[in-house]
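Okay, so the sequence shown: first residue is 29 according to this note's numbering, each after it adds one.
Glycine included, every Cβ here is placed at the ideal spot set by N, Cα and C.
In this text, all values refer to a predicted model and were calculated from it rather than measured experimentally.
First comes the structure, then the notes that go with it.
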Amino acid sequence: MTTFVIVGGGLAGAKAAETLRAEGFTGEIVLFGDESEVPYERPPLSKDYLLGKKPRESAYVHPAEWYAENSVDLRTGVSVAAIERPTHTVIVEGGTQHYDKLLLATGAAPRRLDIPGEALDGVRTLRKLPDSDALRAEFTRGRRVVIVGSGWIGLETAAAASIAGCQVTVIEPQPTPLYYAIGPELGAVFTVLHQAHGVEFRFGETAAEFHGDAAGRVGSVLTSSGTVLPADVAIVAIGAGPNDGLARGAGLELSNGVVTDSALRTSDPDIYAAGDVACSFLPLLGTHVRVEHWSNALNGGPAAARSMLGQEVEYNRVPYFYTDQYDLGMECSGLPSPGAYDQVVYRGDRATLEFIAFWLAGGRLIAGMNVNVWDVTDDIQSLIRSNRTLDPSRLADPAIPLADV
Ligand SMILES: Cc1cc2nc3c(=O)[nH]c(=O)nc-3n(C[C@H](O)[C@H](O)[C@H](O)COP(=O)(O)OP(=O)(O)OC[C@H]3O[C@@H](n4cnc5c(N)ncnc54)[C@H](O)[C@@H]3O)c2cc1C
Numbered sequence: 029m030t031t032f033v034i035v036g037g038g039l040a041g042a043k044a045a046e047t048l049r050a051e052g053f054t055g056e057i058v059l060f061g062d063e064s065e066v067p068y069e070r071p072p073l074s075k076d077y078l079l080g081k082k083p084r085e086s087a088y089v090h091p092a093e094w095y096a097e098n099s100v101d102l103r104t105g106v107s108v109a110a111i112e113r114p115t116h117t118v119i120v121e122g123g124t125q126h127y128d129k130l131l132l133a134t135g136a137a138p139r140r141l142d143i144p145g146e147a148l149d150g151v152r153t154l155r156k157l158p159d160s161d162a163l164r165a166e167f168t169r170g171r172r173v174v175i176v177g178s179g180w181i182g183l184e185t186a187a188a189a190s191i192a193g194c195q196v197t198v199i200e201p202q203p204t205p206l207y208y209a210i211g212p213e214l215g216a217v218f219t220v221l222h223q224a225h226g227v228e229f230r231f232g233e234t235a236a237e238f239h240g241d242a243a244g245r246v247g248s249v250l251t252s253s254g255t256v257l258p259a260d261v262a263i264v265a266i267g268a269g270p271n272d273g274l275a276r277g278a279g280l281e282l283s284n285g286v287v288t289d290s291a292l293r294t295s296d297p298d299i300y301a302a303g304d305v306a307c308s309f310l311p312l313l314g315t316h317v318r319v320e321h322w323s324n325a326l327n328g329g330p331a332a333a334r335s336m337l338g339q340e341v342e343y344n345r346v347p348y349f350y351t352d353q354y355d356l357g358m359e360c361s362g363l364p365s366p367g368a369y370d371q372v373v374y375r376g377d378r379a380t381l382e383f384i385a386f387w388l389a390g391g392r393l394i395a396g397m398n399v400n401v402w403d404v405t406d407d408i409q410s411l412i413r414s415n416r417t418l419d420p421s422r423l424a425d426p427a428i429p430l431a432d433v
C-alpha cells in the first residue's frame, strides 16, 4: 500500500490529510505531531482562547474522532527525529516509518533573545496551547506585563493583557509597532490604538537582561537605555524561525526555511513542504517567500497534498493575514514591508479606525489592508493581481467601488 507521511500536526498537516482523503487517496496516511494535542489552529491562542472566550476544542482543526473516522493514523506526542532519504524512512523514538511521499509541515518556533535571565520562571513565549494556558493564568488585574517585541503576537498579547486589567509595557527597537510587517505609516495606527487602552510603548529600546526576584521568578526587565521595568511576567515576542532541522539533517535545500517550487516540492521530488516552514516560489512576486500566516497553512497544506497526488499545482495566492485587537478587526493582503512600496493611500478615516490602506510601488498596488471594513479582500487581491498602474485618487475615493478602480 502507498504510504504518505506528514510530519507536523498543525493546520497545514491536518488540512493536507483532509485533502488527501477528499481527493480519493486510499493509501495509508500517517500524521506525526510532537504535541500531545490533536492538530489545532494557533490564532485563538493570542485572541479569544487567551481571553477565555472560546473553549479549547474550538481551536481544533478537526474533532478528535475525525482522524480515525478518515483512516488518518494520527500519532500525537511523537517527534520525528530524522529523515533517511535513500530508504524513504523517517526515524521516530523506538521505530521507523516508511514513506512513499513525505510532507514537511513542521511550522515555526519562537525566536529567543539570548540574553541573561531568559530562562527565569515567568519569562514566556507564545506558540502552543500550554503557552496560552500559562499566560491566561498570569493575566490578572494589576499585574505588570512587559512584552518584548511589537509584531502581531506581541500586540495581540498586549491587547489581551490590557483587557484583563494588567499594566502593559511593550519594548520595541523600531519607531513603530509592526514596522517590518506593515511599515511605519500603518504601524502608527496601532501605537495610537494601544495607547488608548493604556499600553506604554518604549520605542528605540531593546531588552538587555531579565532580573529575578527573591523567589527566582522574573522581577524586572533591564532595557538597553538602562531603564529597569518592574515585571511580574515578561513575554518574548520577537518573531519565529522555521522548524527546518529535519530538512537540514536530510540535506534538503534551505533558505529561510525549506525551499520549494510553486508546486510545494522540495529539492527531493518525494518530499514536499507547506505552511510556516516552507519558503516557496510565489509566481505572483517572482521570488521565494516564507509566509507565516494562517491562510498560508490553510491553503498550502491542501495544495501540497494535491501535488503529492501528482496533480498539476501552482500555489500562487496573495499572502493574507488578519488580526483582532480590542475592537479593531483587520485583514491585510500582500506584503507591505518597508522598502517594498513608495506611496500609501487611504480610503476612509484612520482616526475612526474604519478605513482601507493601499500600498503602491510605482503606481501598482502591492498590498491593501482593510480595518473594520469588510468584504473587500477579493477586490483588493484582484487589484494586486492585475499589476496595473492605478490612479491613487480613485483608490482613495469611497464613492468608487473597488471593483471599478
Ligand atoms: C499565538 C499565535 C497567533 C497567531 N495569529 C494569527 C492570526 O491572527 N492570523 C494569521 O494569519 N496567522 C496567525 N498566526 C500564524 C499561524 O498560526 C501560523 O501561520 C500557522 O499555525 C502555521 O501552521 P503550520 O501548520 O505551518 O505550523 P504549526 O501550526 O506550527 O504546526 C506545526 C506542528 O509541527 C510540530 N512539529 C515540529 N517539528 C516536528 C517533528 N520533528 N515531529 C513531529 N512534529 C513536529 C510542531 O510542534 C507543531 O505542532 C498565529 C500564530 C501564533 C503562534
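Among the residues of its own chain, which have a CB less than 7 Å from the CB of residue i, if the five just before and after it don't count?
{"i": "R318", "result": "P270, N284, G285, A306, C307"}
{"i": "G55", "result": "M29, T30, T31, F32"}
{"i": "V227", "result": "A186, S190, V196, V198"}
Please state whether the Cβ-Cβ distance between residue i and residue j is less than 9 Å.
{"i": "G328", "j": "Y350", "result": "no"}
{"i": "Y95", "j": "V33", "result": "no"}
{"i": "A325", "j": "D304", "result": "yes"}
{"i": "I191", "j": "Y348", "result": "no"}
{"i": "H116", "j": "L130", "result": "yes"}
{"i": "E69", "j": "L39", "result": "yes"}
{"i": "L79", "j": "R155", "result": "no"}
{"i": "A235", "j": "L141", "result": "yes"}
{"i": "P212", "j": "P203", "result": "yes"}
{"i": "G150", "j": "V246", "result": "yes"}
{"i": "F60", "j": "V120", "result": "yes"}
{"i": "D241", "j": "S252", "result": "no"}
{"i": "V89", "j": "A42", "result": "yes"}
{"i": "L356", "j": "L221", "result": "yes"}
{"i": "P67", "j": "W322", "result": "no"}
{"i": "G244", "j": "L312", "result": "no"}
{"i": "L250", "j": "F53", "result": "no"}
{"i": "I266", "j": "G182", "result": "yes"}
With a cut-off of 9 Å, does the C-beta of residue i fall near any C-beta of chain B?
{"i": "I210", "result": "In summary, chain B is missing from the structure at hand, where a single protein chain is found."}
Taking all protein chains shown into account, decide if residue i is buried (16 or more other Cβ within 10 angstroms of its Cβ) or exposed.
{"i": "P144", "result": "exposed"}
{"i": "W180", "result": "buried"}
{"i": "V196", "result": "buried"}
{"i": "R416", "result": "exposed"}
{"i": "V35", "result": "buried"}
{"i": "E112", "result": "exposed"}
{"i": "Y208", "result": "exposed"}
{"i": "A44", "result": "buried"}
{"i": "E46", "result": "buried"}
{"i": "P138", "result": "buried"}
{"i": "R152", "result": "buried"}
{"i": "K20", "result": "The shown model of the chain, from 29 to 433, leaves out residue 20, and the question about it has no answer."}
{"i": "Q219", "result": "Per the sequence presented here, residue 219 reads as Thr, with Gln not at that position. When all chains shown are included, T219 counts as buried."}
{"i": "S86", "result": "exposed"}
{"i": "D298", "result": "exposed"}
{"i": "D272", "result": "buried"}
{"i": "A259", "result": "buried"}
{"i": "S160", "result": "buried"}
Return the chain-ordered list of same chain residues with a C-beta closer than 6 Å to the C-beta of residue i, the five sequence neighbours on each side being excluded.
{"i": "W387", "result": "P364, Y369, V372, I394, A395"}
{"i": "T294", "result": "L280, V286, T288, A301"}
{"i": "R230", "result": "I199"}
{"i": "V341", "result": "A291, A331, R334, S335"}
{"i": "P420", "result": "V373"}
{"i": "N398", "result": "E359, I384, V404"}
{"i": "I412", "result": "V346, G362, L393"}
{"i": "V173", "result": "A189, C194, V196, V261"}
{"i": "A187", "result": "Q353, Y354"}
{"i": "G277", "result": "A110"}
{"i": "S178", "result": "V198, E200, P205"}
{"i": "L423", "result": "V373, F386, V433"}
{"i": "N98", "result": "R49"}
{"i": "A92", "result": "V66"}
Excluding the 5 residues flanking residue i on each side, which residues of the same chain have their C-beta closer than 8 Å to its C-beta?
{"i": "Q223", "result": "F229"}
{"i": "E146", "result": "R140, F238, V264"}
{"i": "E63", "result": "G37, T104, G105, K156, L157"}
{"i": "A431", "result": "D407, S410"}
{"i": "E382", "result": "G376, V399, N400, V401"}
{"i": "Q339", "result": "E51"}
Runs of beta strand (DSSP E) wholly within the stretch 146-200 (minimum 3 residues, chain order): 172-176, 195-200
Segments of 3+ residues assigned as beta strand (DSSP E) that fall wholly inside the stretch 236-268: 246-251, 256-258, 261-264
Those runs of the alpha helix (DSSP H) which lie wholly inside the stretch 264-347 and span at least 4 residues: 273-277, 322-336
Segments of 3+ residues assigned as beta strand (DSSP E) that fall wholly inside the stretch 215-239: 228-231
Contiguous beta strand (DSSP E) assignments of at least 3 residues, all confined to the stretch 374-419: 382-389, 392-399
Minimum length 3: unbroken beta strand (DSSP E) runs contained in the stretch 102-126: 108-112, 117-120, 123-126
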